[in-house]
Amino acid sequence: MFFQSYPVYPKTIVKIFKIRAVIKTAYFPFITGIPSIRENRFLTDDKTKLLKHVFKMCKEDLHFTVQQQLKLEAYKSYFMENFVEPFYFDCWIHETNYRHAIETWFTNVIPFPFSTFYLNKNRAHAQKAFSIYTPKWNYESYMCKKYEDAAICLGDFNYLLKDGRKFIYKNTPTSIDAIIYSYLMIAMHIPLHNPTLQTLIYRHGWLVNYVNRITEEYFPNTPSKYE
């Protein structure tokens, strides 16, 4: 999907599915693209191949029927289109959000000049993606519609959790949990100047409890505040 510049959930998959892996910090993009994945002789930084390989680690084909796998894929597409897309544009297109949160984080965490390289590359990607809509929408009207879609999407997943289930698909962890948790965890804590999406998330108590529960179980040392 065009708005997903870099996946944020491979580490979550590794944790939830207890996959033996070594995660290394890397900054130099001219040797191997970032992110990349290596397993024995297999090495790729191609986004599609990387995600396919990561999802393969979940071994969902061994635990779910074809019909159940199709349902999980539908969940993924629904969440990516209706929450991740507006969150992505909120971070990379909204000027104040970008300057206050995204640019600050990149420059604090990634050494110069690589921070600038990634900032420029990712923002150019976001601007190109958003330009698809500019003939029909301006930023405000487009995002207003996307916020409405995000609210409905969050409400649907929140409703699934009302029966006390631990994960989205009953009590079995799946790749959809890795995706939803990863994005919501970031969205709930990133210090965006425009908190519209954060406000929408916190209106859904079962979903918030779900995120907090996964954090406590799999990422107990996660700071409570974004830094």
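Residues in the sequence shown are numbered from 12 upward in steps of one, following our numbering.
Glycine is no exception: its CB is placed at the ideal position from the N, C-alpha and C atoms.
Checklist entry - Under a CB-based cut-off of 7 Å, is Phe-141 close to chain B? => result Judged by its chain identifiers, the structure shown contains no chain B, having just a single protein chain.
Checklist entry - What residue does the alpha helix (DSSP H) around Met-199 start on, and which one ends it? => result Taken as a continuous stretch (DSSP letters only), the alpha helix (DSSP H) holding Met-199 covers 186-200.
Next on the checklist: Measuring only the C-alpha atoms, how far is Cys-164 from Ile-201?
Outcome noted: Here the alpha carbon of Cys-164 sits roughly 20 Å from the alpha carbon of Ile-201.
Checklist entry - Between which two residues does the alpha helix (DSSP H) harbouring Leu-203 extend? => result Run containing Leu-203: none; DSSP gives neither H nor E here.
Checklist entry - Roughly how far, in whole angstroms, is the beta-carbon of Leu-203 from the beta-carbon of Asn-108, given that I think they are within contact range, below 8 Å? => result Right, the Cβ-Cβ distance comes to about 5 Å (below 8 Å), so this counts as a contact.
Next on the checklist: According to DSSP, simplified to helix, strand and coil, what is Phe-123?
Outcome noted: If DSSP states are grouped into helix, strand and coil, Phe-123 belongs with coil.
Checklist entry - Grouping DSSP H, G and I as helix and E and B as strand, with all else coil, what is Gly-175? => result In the structure shown, Gly-175 sits in coil (DSSP, three-state: anything other than H, G, I, E or B).
Checklist entry - To the nearest angstrom, how far is it from the Cα of Leu-81 to the Cα of Ile-187? => result Rounded to the nearest angstrom, the two C-alpha atoms are 12 Å apart.
Checklist entry - What span of residues does the alpha helix (DSSP H) with Tyr-99 cover, start to end? => result Where Tyr-99 is concerned, the enclosing alpha helix (DSSP H) stretches over 96-103.
Next on the checklist: In whole angstroms, give me the CA-to-CA distance for Lys-26 and His-215.
Outcome noted: So the alpha carbons of these two residues sit roughly 25 Å apart.
Checklist entry - Is the region 178-198 touching the region 125-138, taking contact as three or more C-beta pairs under 8 Å? => result Result no; under three Cβ-Cβ pairs closer than 8 Å.
Next on the checklist: With distance defined between alpha-carbon atoms, name the residue in His-111, Lys-177, Asp-101 nearest to Phe-225.
Outcome noted: Residue identity differs from the one stated: residue 225 is Ile in this sequence, not Phe. Per the C-alpha coordinates, the member of His-111, Lys-177, Asp-101 positioned closest to Ile-225 is Lys-177.
Checklist entry - Given a threshold of 16 other Cβ atoms within 10 Å of its Cβ, counted over all protein chains shown, does Phe-90 qualify as buried or as exposed? => result Buried, by the Cβ-count rule.
Item to check | CB-CB length for Phe-168 against Leu-218, believed under 8 Å | outcome: The C-beta distance from Phe-168 to Leu-218 rounds to 6 Å, short enough to fall under 8 Å.
Item to check | Delimiting residues of the alpha helix (DSSP H) encompassing Ile-225 | outcome: Residue range 216-229 is occupied by the alpha helix (DSSP H) that includes Ile-225.
Item to check | Residue from Asn-149, Gly-166, Ser-193 whose Cα sits closest to the Cα of Phe-230 | outcome: With distances taken between Cα atoms, Phe-230 lies closest to Ser-193.
Item to check | Within the region 139-171, ranges of the alpha helix (DSSP H) (whole runs, at least 4 residues) | outcome: Complete alpha helix (DSSP H) runs here, min 4: 150-171.
Item to check | DSSP state of Lys-29 mapped onto helix, strand, coil | outcome: Coil.
Checklist entry - So Thr-23 and Ala-189 are in contact, right, with Cβ under 8 Å, and what is the actual spacing, rounded? => result Under the criterion of beta carbons closer than 8 Å, Thr-23 and Ala-189 qualify as touching, at roughly 4 Å.
Item to check | Straight-line gap, Gln-209 to His-74 (C-alpha atoms, nearest Å) | outcome: For Gln-209 and His-74, the distance between alpha carbons rounds to 34 Å.
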